[in-house]
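Asker: Have a look at the structure that comes next, please.
There are 2 protein chains.
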Amino acid sequence: MSRADRFLRALRGEPVDTTPIWIMRQAGRYLPEYRATRERAGDFLTLCKTPELACEVTMQPIERLGVDAAILFSDILIPIEKMGVPLTFAEGEGPRLEPVRSDAGIALLRVPDVEAELPYVLEGIRLVRRALDGKVPLIGFAGAPFTLLTYVVEGQTGKAFTETKKLLFGAPASAHRLLRKITDTTIAYLSAQIRAGAQVVQLFDSWVGQLAPEDFREFAAPYVKECIDRLKPLGAPIIYFANDGASLLKDAATLGADALGVDWRVPLDEARARTGGQVTLQGNLDPCVLFAPIPVIERRAADVLARAGRDRHVFNLGHGIQPPTPPEHAEALVEIVHRLGKR
Amino acid sequence: MSRADRFLRALRGEPVDTTPIWIMRQAGRYLPEYRATRERAGDFLTLCKTPELACEVTMQPIERLGVDAAILFSDILIPIEKMGVPLTFAEGEGPRLEPVRSDAGIALLRVPDVEAELPYVLEGIRLVRRALDGKVPLIGFAGAPFTLLTYVVEGQTGKAFTETKKLLFGAPASAHRLLRKITDTTIAYLSAQIRAGAQVVQLFDSWVGQLAPEDFREFAAPYVKECIDRLKPLGAPIIYFANDGASLLKDAATLGADALGVDWRVPLDEARARTGGQVTLQGNLDPCVLFAPIPVIERRAADVLARAGRDRHVFNLGHGIQPPTPPEHAEALVEIVHRLGKR
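As you go down the protein sequences, you meet chains A and B in turn.
Counting from 1339, one number per residue, gives the positions in the first sequence under the numbering used here.
Counting from 1339, one number per residue, gives the positions in the second sequence under the numbering used here.
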């Protein structure tokens, strides 16, 4: 047992030498070397679409932090652009898309040919696998269908999600048509990532916490389940992260994922009680705890480890690491988890 | 039993003729008559600070919707300005404050003399009580201490709440000093509202859902409890709304509030199970369900009523009514709740 396999073993519920850890957005703005590469790239989308640069930033935290998994640097909206929704990132403003809300607009969207239209993502995966050389596994990822729908419909990161909910509650058949196309795209996209070398995939449902459980069961869960059912035969473990999903955890545990991401709002012992114990839990330190002095980080990490128990746990933050985080605090967290998690 | 007392009776756990309902932000932008008064006022803060205008918009939904309570039109940041934090509202941008993050800045904040410095709020309450003439009770309100802290520290509506959490996790003693002053202000502010005629008060903890339960217990719950303990002797029932607080409900139920607001994420039967049944629950239809056709609204409202059970329930949305809501859908909701809720 070693660094190379503890993440995969924890996902499969097998014994590990210590608790594996990776960090959402571990390749990101809190790292000066990331900011340097980003500067060279010029803009965010160029960074995502240039395999050499994406590989470079993906690799940056691997040695520096000592994490047990790499995750391809990319953005969940990358495949959406190829469905026919023009996408830009204004500096410091987040994504802007031309919103699609009408049946006519939805009818025009298409399921892209991933190999032909998103070759840079697959090439990025191949480059990272080569660079990793078996050191740690590589995670591929996609947005979950409901979350991608919010971007398509809102045209940006939602606030009150009124356009999304106008569609869901006012024209549910249209919402389902849109979710159908997004789901087909997501399945094709993740299948191609696995074929290119992604050893694990994570579905990020960043905005699903906006849904009441009843609406989760109608507009989110069936599509996540379909992704999982279709990807399972390819053999890569699947992680589903329903952000802000305290009320959705029990349902989420029935969708067939190998692991569930849990944000910092639900203590992992409670999450374990609600999810039954047959699924690995991934999380869940509040990312902002990394602003605290290292002894506080250690106390809080120890609490997460104690609540998670020894089996079926992958340590992570409960959300992406924040740009103002001191990199040495992220390094300290990895050291702490490996030390305290030792079996 | 009648419209005049069913809200207060439900808060006290007494039998009612039908389920009472009011709607968060019932005096708001979805109403053309509100937009007209707002236009006349010129800007948002003037509307809040002019008792005659605040009274006018407070009264607008009372007859139109047939709700069972009025809530004074104001903003949770009004008392913060008088603590010494300059406040503006840029059109369509939300509040902007001069952020206070340092010990020196916190030391300069003061607890305002409510009668002398916020007379327009108290005069607004007196005007509304006169205009209501006993038709329905009047709710006063304040932001809960943690939520007000986020505005003081962020200087605006938070997104990732990184400045807030830098303070909480990096300088907890400073956070507690700030919470101390905000709590003293909130107690003075709500006491004065009750003395001026508010018959019920609600504490809005809009951003408390950003906290893990452990941090809720340190930085939010004790101050809410202190507000409740100090206000209880004045006799007005107290409602505590911990927005996005699925994981906090159980703790929130121990703070002594007569009622807990519940957002739409937690079905009320689950909320009831977690809160024990000795507290009234207020909520919790997703506000965006009001975008749907009326038969859908009826089906969803019936579900909320069924889950809530017959006792200790005040119907409300799970969050403020959204500006794009058709007013006639809000009217329909009130009619539906009164009809289906009939004992």
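Glycine included, each C-beta is placed from N, C-alpha and C at the ideal position.
Give the DSSP-derived three-state secondary structure of A1597 (chain B) in the structure shown.
Answerer: Stepping through the second sequence from its first residue, residue 1597 (chain B) is reached at position 259. Three-state result, A1597 (chain B): strand.
Asker: Starting from F1629 (chain B), find everything on chain A with Cβ-Cβ shorter than 7 Å and list it in chain order.
Answerer: Residue mapping note: residue 1629 (chain B) aligns to position 291 of the second sequence, counting from 1. Correct list: K1503, K1504, F1507 and G1508.
Asker: Taking Cβ to Cβ, would you say L1517 (chain A) is nearer than 8 Å to P1483 (chain A)?
Answerer: Stepping through the first sequence from its first residue, residue 1517 (chain A) is reached at position 179. Stepping through the first sequence from its first residue, residue 1483 (chain A) is reached at position 145. Result yes, Cβ atoms of L1517 (chain A) and P1483 (chain A) sit closer than 8 Å.
Asker: Go ahead and pull the three-state DSSP assignment for D1543 (chain A).
Answerer: As a working note, residue 1543 (chain A) is residue 205 in the first sequence. It is a strand residue.
Asker: Listed in chain order, which residues of the stretch 1589-1603 of chain B have Cβ atoms closer than 7 Å to some Cβ of chain A?
Answerer: Under the 7 Å Cβ criterion, the stretch 1589-1603 of chain B contributes W1602 and R1603.
Asker: Name the DSSP beta bridge partners of V1538 (chain A), please?
Answerer: Counting from one through the first sequence, the residue named residue 1538 (chain A) turns up at place 200. Looking at the DSSP assignment, V1538 (chain A) forms a beta bridge with A:I1477.
Asker: Within the present structure, is the beta-carbon of I1674 (chain B) separated from the nearest heavy atom of the ligand GTP by less than 7 Å?
Answerer: Judged by which ligands are present, the structure shown has none, so any question about the ligand GTP falls away.
Asker: Using CA atoms only, rank isn't needed, just tell me which of A:C1393, A:R1363, A:W1360 and A:M1362 is closest to T1375 (chain A).
Answerer: In the first sequence, residue 1375 (chain A) corresponds to position 37, counting from 1. Of the listed residues, the one whose Cα sits closest to T1375 (chain A) is A:C1393.
Asker: Please confirm whether K1620 (chain B) has its beta-carbon closer than 8 Å to some beta-carbon of chain A.
Answerer: Translated into the one-based positions of the second sequence, residue 1620 (chain B) becomes position 282. According to the sequence provided, residue 1620 (chain B) is Gln. The question's Lys does not apply to it. So, not an interface residue.
Asker: Sort out for me which residues DSSP pairs R1578 (chain A) with in a bridge.
Answerer: The residue given as residue 1578 (chain A) occupies position 240 in the first sequence. Note on identity: in this sequence residue 1578 (chain A) is Tyr, with Arg being the wrong assignment. Answer by DSSP bridge pairing, in chain order: A:L1541 and A:L1598.
Asker: Answer with buried or exposed for P1664 (chain B), where buried requires no fewer than 16 other C-beta atoms within 10 angstroms of its C-beta.
Answerer: In the second sequence, residue 1664 (chain B) corresponds to position 326, counting from 1. Exposed.
Asker: Short of 7 Å in beta carbon distance, which residues of its chain neighbour T1357 (chain B), apart from the five on each side in sequence? Order them along the chain.
Answerer: Here residue 1357 (chain B) refers to the residue found at position 19 of the second sequence. Correct list, in chain order: L1643, H1651, F1653, V1675 and G1679.
Asker: With a threshold of 8 Å between beta-carbons, can D1582 (chain A) be considered close to chain B, or not?
Answerer: Position 244 of the first sequence, counted from the start, is the residue given in the question as residue 1582 (chain A). With 8 Å as the cut-off, D1582 (chain A) counts as an interface residue toward chain B.
Asker: Name, going along the chain, the residues of the stretch 1526-1539 of chain B whose beta-carbon falls closer than 7 Å to a beta-carbon of chain A.
Answerer: Taking 7 Å as the Cβ-Cβ cut-off against chain A, none of the residues of the stretch 1526-1539 of chain B qualify.
Asker: Between the alpha carbons of A1584 (chain A) and R1468 (chain B), how many angstroms are there, rounded?
Answerer: Residue numbering aside, residue 1584 (chain A) sits at position 246 when the first sequence is read from its first letter. Residue numbering aside, residue 1468 (chain B) sits at position 130 when the second sequence is read from its first letter. Rounded to the nearest angstrom, the two C-alpha atoms are 44 Å apart.
Asker: Just how far apart, CA to CA, sit T1521 (chain B) and F1479 (chain B)?
Answerer: Against the second sequence, residue 1521 (chain B) aligns to sequence position 183. Against the second sequence, residue 1479 (chain B) aligns to sequence position 141. The alpha-carbon atoms of T1521 (chain B) and F1479 (chain B) are separated by roughly 14 Å.
Asker: What separation, rounded to the nearest whole angstrom, lies between the Cα atoms of L1465 (chain A) and W1602 (chain B)?
Answerer: In the first sequence, the residue the question calls residue 1465 (chain A) occupies position 127. In the second sequence, the residue the question calls residue 1602 (chain B) occupies position 264. About 45 Å.
Asker: If you drop the 5 nearest sequence neighbours on each side, which residues of the same chain put their C-beta closer than 7 Å to that of E1371 (chain B)?
Answerer: On the second sequence, position 33 is the one that residue 1371 (chain B) refers to. Cβ within range, chain order: Q1398.
Asker: By DSSP's criteria, F1427 (chain A) is part of a beta bridge. Which residues make up the other side?
Answerer: For the purposes of this step, residue 1427 (chain A) is identified with residue 89 of the first sequence, where counting begins at 1. Its beta-bridge partners are A:P1433.
Asker: For the beta strand (DSSP E) holding F1345 (chain A), just list the boundary residues, first then last.
Answerer: Along the first sequence, read from residue 1 onward, the residue named residue 1345 (chain A) stands at position 7. Careful: F1345 (chain A) lies outside any beta strand (DSSP E), inside the alpha helix (DSSP H) at R1344 to R1350.
Asker: From the beta carbon of Q1364 (chain A), is the nearest beta carbon of chain B less than 8 Å away?
Answerer: In the first sequence, the residue the question calls residue 1364 (chain A) occupies position 26. False, the Cβ-Cβ gap to chain B never drops below 8 Å.
Asker: For R1367 (chain B), collect the residues of the same chain with a Cβ closer than 7 Å to its Cβ; drop the 5 residues on either side in sequence, then sort them by chain order.
Answerer: Sequence index remark: in the second sequence, residue 1367 (chain B) carries index 29 (1-based). The answer, listed in chain order, is R1373 and P1661.
Asker: Give the secondary structure of F1629 (chain B) by DSSP, where H, G and I count as helix, E and B as strand, and everything else as coil.
Answerer: On the second sequence, position 291 is the one that residue 1629 (chain B) refers to. It is helical.
Asker: Report yes or no: is there a C-beta of chain A within less than 8 Å of the C-beta of Q1494 (chain B)?
Answerer: If you number the second sequence from 1, residue 1494 (chain B) lands on position 156. No, because no Cβ of chain A sits closer than 8 Å to the Cβ of Q1494 (chain B).
Asker: Could you tell me the distance, in whole angstroms, from the CA atom of A1530 (chain A) to the CA atom of D1343 (chain A)?
Answerer: Position 192 of the first sequence holds residue 1530 (chain A). Position 5 of the first sequence holds residue 1343 (chain A). Taking the straight line from one Cα to the other gives about 23 Å.
Asker: Have a look at A1550 (chain A) and F1507 (chain B) and give me their C-alpha separation to the nearest angstrom.
Answerer: Taking the first residue of the first sequence as 1, we reach residue 1550 (chain A) at position 212. Taking the first residue of the second sequence as 1, we reach residue 1507 (chain B) at position 169. Going from the Cα of A1550 (chain A) to the Cα of F1507 (chain B) covers about 31 Å.
Asker: Using CA atoms only, rank isn't needed, just tell me which of B:R1648, B:G1656 and B:D1471 is closest to A1348 (chain B).
Answerer: Here residue 1348 (chain B) is taken as the residue at index 10 of the second sequence, counted from 1. The residue with the shortest Cα to Cα distance from A1348 (chain B) is B:R1648.
Asker: Can you give the Cα-Cα distance for K1588 (chain B) and M1362 (chain B), rounded to whole angstroms?
Answerer: Numbered from its first residue, the second sequence carries residue 1588 (chain B) at position 250. Numbered from its first residue, the second sequence carries residue 1362 (chain B) at position 24. Roughly 23 Å separates the two Cα atoms.
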